[in-house]
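Here the numbering used here is used: the first residue of the sequence shown is -15, the next is one more, and so on. Okay, so here's the structure we're looking at.
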Amino acid sequence: MKKVVTYGSFDLFHEGHYNLLKRAKELGDRLIVGVTTEQYDESRGKLNIVDSLMDRIEHVRQTGFADEIIIEDHKGQKVEDILKYQIDIFTVGSDWSGAFDYLRDYCEVVYLDRTKDISSTVLRAQNYKIIRMGVIGTGRIARRFIPEAKYVSGINVESVFHPKAEKAKAYCQTFELKSYTADLEMFWQDVDAVYIASPHPTHFFYAKAALEKGKHVLCEKPMVLKEEEAKILGDLATANQCILFEAIKTAYCPGFAQLISMARSGVIGGIRDVEATFTKLESPLNRELTDTETGGSFTELGSYTLLPIIKILGTNYRELRFETIRSENGIDIYSKAYLQYPSSFATAKVGLGVKSEGQLIISGTKGWIVVDAPWWKTQSFEVKFEDSSQNEKYFVKYLGDGLRYELSDFVALMNGHERKGLKLTIEESTALAAIMENFLSDRE
Ligand code: CTP
-15 MKKVVTYGSF
-5 DLFHEGHYNL
5 LKRAKELGDR
15 LIVGVTTEQY
25 DESRGKLNIV
35 DSLMDRIEHV
45 RQTGFADEII
55 IEDHKGQKVE
65 DILKYQIDIF
75 TVGSDWSGAF
85 DYLRDYCEVV
95 YLDRTKDISS
105 TVLRAQNYKI
115 IRMGVIGTGR
125 IARRFIPEAK
135 YVSGINVESV
145 FHPKAEKAKA
155 YCQTFELKSY
165 TADLEMFWQD
175 VDAVYIASPH
185 PTHFFYAKAA
195 LEKGKHVLCE
205 KPMVLKEEEA
215 KILGDLATAN
225 QCILFEAIKT
235 AYCPGFAQLI
245 SMARSGVIGG
255 IRDVEATFTK
265 LESPLNRELT
275 DTETGGSFTE
285 LGSYTLLPII
295 KILGTNYREL
305 RFETIRSENG
315 IDIYSKAYLQ
325 YPSSFATAKV
335 GLGVKSEGQL
345 IISGTKGWIV
355 VDAPWWKTQS
365 FEVKFEDSSQ
375 NEKYFVKYLG
385 DGLRYELSDF
395 VALMNGHERK
405 GLKLTIEEST
415 ALAAIMENFL
425 SDRE
C-alpha cells in the first residue's frame, strides 16, 4: 500500500485545493492530509486565515479524497509524520518547488502543478474590500507602524494627518503614502479606519471624532486617561458599528494568548498573585520624562503591566493603591500599582529611570508560571512546580515588532470575523483607563 501525505491551510477552500487533493490521492492508495492550525500559520507569518480550523478540516473531508486528516501545528512535524505514518510520497503544489527537497532523505517528494489563477490570497482580496487606513500622528510609534502594516493583507495605509502640515508631508514622503493633510475633515474623506499614535491627551479627541464619522479606530495605549472617556468611546463604537481597539500589542500576540489560556486552565491551581514588571531607561530629555502632564513611567508602561493582571484576575479588584518615586519635575520615574482581589493580589511595576528584570510571575496554589523578559513580547514561559521534574517550558514565535498581530485582528474584525475579537475588550480598556485616572489624580 502506497501512502501519500500533503499539507496546507486550505483556507476559503477553492478549486486549486480540490485539484491538488485529487491528484495527491491518485499518487497512491492512502492519502493523509495535514491541515495547519491558526497558531502555526501565525507563527510562519500567515496572519489572515479566515476559516476556522474545524471548517477547513470539514472542507477537506467533504472532498472525499482524504483517508485521514491530521493537524499540523509545528515546524519539523513533516519529518515526524513521514516516519510515524510510514509515508512513501510527500506531495505539495509547485509553488513550493524545491522547498521540501530535504524530505527526500525520508520519502519520495512530488511537486504537483498548481492550478492557475486561484489562491486563498486572491479570494481573500476579492471577498473583502481593501480597507483604507489613515495614521494620526507622525512620531516614533507612528513610524513603526507602516513597516508592520505591510505584513497584513486587506489594508492599505494611504493617508497621514498631523496638525502641522510639514510634519504630515515628511511622513507621507518617507513612507510613500498617497496623501497627507492638516485638515481633519479632508482626512476623514480618504480613510475607512485610523491608527491613532498622537500624544496621549489627544487620543480621546481624535478617537471620538473618528467614531462619530463612522471610522474604525485602532488607538495607541493608553487609549484614554479617564474611565468616563473610555465609556463614551465604547458606546459610540457600538452605536456606529465601528471597531475600537486599544493597541496594546502584547494582548494580540500568539504567545501571550497561549500564556493566558494556560494560566486560566487551572494547571497551576487557583491564582493568588500576578507580578508584572516593565522598565526601561529613558533619556531625561525625552517626552516621557519631560511632559509633566501625562508623561511618566505609569502612563508610558502601565498598560502593559496591567494587561496580564486584568486578563488573569479580571476587572473587579477591591483595592487599588500606588507607590511612586518622582524626578525633580514631579514626574514618576518608578511606580508600583497594588491591586487586591477577593482571593489574590497583583503588582504592576514600571520604571523609566530605574531598571529591573522585566518578568512576569503568576503564582498559584499548585505551581507558578515564569514568563521570561521581555514578557510583553511573549516568546517563552515555563510552568513550574515544587517537583521540578514536572516543569514544562513553552516557546512561541513573535514576529517583527509585533504590531502586525493587533492589526491583523483589527482587519479580521472589520471584515466581520468575530472570533478574532476577544483579545482585549472595551470593558477591559475601560478598567485600564480607570486605573490610569486613579494614578494621575494620586500623582497630583
Ligand atoms: N494549491 C494548488 N493550486 C492553487 C492553490 C493551492 O495546487 N491554485 C496547493 C498548494 O500548492 C498546496 C495546497 O494547495 O499544496 C494547499 O495550499 P494553501 O497554501 O492552503 O493554498 P493557497 O491558495 O496557496 O493559500 P495562500 O494564498 O494563503 O498561500
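Glycine is no exception: its CB is placed at the ideal position from the N, C-alpha and C atoms. Small disclaimer: the values here were computed from a predicted structure and weren't measured.
Residue i Cβ short of 7 Å to the ligand CTP heavy atom set
i, result
"S36", "no"
"K153", "no"
"G0", "yes"
"L478", "Past the boundaries of the shown model lies residue 478; the chain is included only from -15 to 428, so the question cannot be answered."
"W359", "no"
"T99", "yes"
"S137", "no"
"K233", "no"
"D167", "no"
"S245", "no"
"V76", "yes"
"T21", "no"
"I102", "yes"
"F440", "With the chain covering -15 to 428 only, the question about residue 440 has no answer from this structure."
"F(-6)", "yes"
"D85", "no"
"W80", "yes"
"T362", "no"
"T276", "no"
"T(-10)", "yes"
"T283", "no"
"T105", "yes"
Distance CB(residue i)-CB(residue j) smaller than 8 Å
i, j, result
"H(-2)", "I102", "yes"
"D65", "G18", "yes"
"V251", "P292", "no"
"Q337", "Y135", "Checking the sequence, you will find Gly at residue 337 rather than Gln. Taking 8 Å as the Cβ cut-off, G337 and Y135 do not qualify as a contacting pair."
"C237", "T105", "no"
"E478", "Y(-9)", "Examination of residue 478 is not possible in this model, given that the chain is present from -15 through 428 alone."
"Y90", "V63", "yes"
"E341", "A321", "no"
"F477", "L202", "Residue 477 falls outside the range modelled here, since the chain spans only -15 to 428, and no answer is possible."
"L96", "S78", "yes"
"G254", "G351", "no"
"S413", "A214", "yes"
"A181", "K407", "no"
"P28", "K(-13)", "Sequence check: residue 28 is Arg here, not Pro. No, Cβ-Cβ distance for R28 and K(-13) is not below 8 Å."
"I353", "A247", "yes"
"I33", "M398", "no"
"T99", "G0", "yes"
"L209", "L290", "no"
"A133", "K148", "no"
Exposed unless 16 or more other CB atoms sit within 10 angstroms - verdict on residue i
i, result
"G48", "exposed"
"I164", "For the record, residue 164 in the displayed sequence is Tyr; it is not Ile. When all chains shown are included, Y164 counts as buried."
"H184", "buried"
"D25", "buried"
"M420", "buried"
"A439", "Any question about residue 439 goes unanswered here, given that the chain covers just -15 to 428."
"Y86", "exposed"
"F365", "buried"
"L391", "buried"
"F379", "exposed"
"N313", "exposed"
"M207", "buried"
"E266", "buried"
"A83", "exposed"
"D371", "exposed"
"T122", "buried"
"M38", "exposed"
"L269", "exposed"
beta-carbon residue i near the ligand PLP non-hydrogen atom, thresh 7 Å
i, result
"K30", "Although the ligand PLP was asked about, the structure shown includes only the ligand CTP as ligands."
3 or more residues per run - each beta strand (DSSP E) lying fully within the stretch 116 to 161: Unbroken beta strand (DSSP E) runs of no fewer than 3 residues, entirely contained in the stretch 116 to 161, are found at 139 to 145, following chain order.
Entirely enclosed alpha helix (DSSP H) segments - the stretch 240 to 289, minimum 4 residues: The stretch 240 to 289 contains these whole alpha helix (DSSP H) runs: 271 to 274.
The stretch -8 to 6 in contact with the stretch 102 to 119 per 3-pair CB rule at 8 Å: Yes: at least three Cβ pairs fall under 8 Å.
Inter-stretch contact (C-beta, 8 Å, three-pair minimum) for the stretch 323 to 341 and the stretch 276 to 296: Segments in contact, yes.
Stretch pair the stretch 131 to 145 + the stretch 155 to 164: three plus CB contacts closer than 8 Å: Yes: at least three Cβ pairs fall under 8 Å.
Three-pair Cβ contact test at 8 Å for the stretch 374 to 394 versus the stretch 187 to 199: The stretch 374 to 394, when compared against the stretch 187 to 199, does not touch it at the 8 Å Cβ threshold.
Entirely enclosed beta strand (DSSP E) segments - the stretch 71 to 119, minimum 3 residues: The stretch 71 to 119 contains these whole beta strand (DSSP E) runs: 73 to 77, 92 to 96.
4-residue-minimum alpha helix (DSSP H) runs that sit fully inside the stretch -4 to 28, ordered along the chain: List check, alpha helix (DSSP H) in window: -1 to 10, 22 to 27.
Every unbroken alpha helix (DSSP H) inside the stretch 305 to 335 [4 residues or more]: Those alpha helix (DSSP H) runs which fall completely within the stretch 305 to 335 and span 4+ residues do not exist here.
Ranges of the beta strand (DSSP E) found wholly within the stretch 164 to 230, counting only runs of at least 3: Whole beta strand (DSSP E) segments, 3+ residues: 177 to 180, 200 to 204.
3-residue-minimum beta strand (DSSP E) runs that sit fully inside the stretch 364 to 407, ordered along the chain: Complete beta strand (DSSP E) runs here, min 3: 364 to 369, 376 to 379.
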